[in-house]
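Worksheet: one structure, shown below.
Numbering (our numbering), first residue to last: 42 to 113.
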């Protein structure tokens, strides 16, 4: 992920967080789990929720690059 992001000049950072995604089901078992590869936003499930539209295309490109690297 770091390599793919770097190739696309996308700044990423790692952090452990709780949340409402299904990734919690694998993470709680200690399985290394990637989540948060989608668009950037905040305020989830509240009246303050938002999504940065300009983050959609770069994040899709990053996910494609990650999958290409896994497939090699």
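Note that beta-carbon positions come from the ideal geometry of N, C-alpha and C, so glycine has one too.
Check	Outcome
As assigned by DSSP and simplified to three states, the class of residue 50	coil
Extent of the continuous alpha helix (DSSP H) run through residue 118	What is shown of the chain runs 42 to 113, which leaves residue 118 out entirely.
Integer-rounded CB distance, given that residue 44 should sit under 8 Å from residue 110	7 Å
Rounded distance between the beta-carbons of residue 80 and residue 106, thought under 8 Å	Not a contact, Cβ separation roughly 16 Å.
Bridge partners - residue 83, DSSP secondary structure assignment	91
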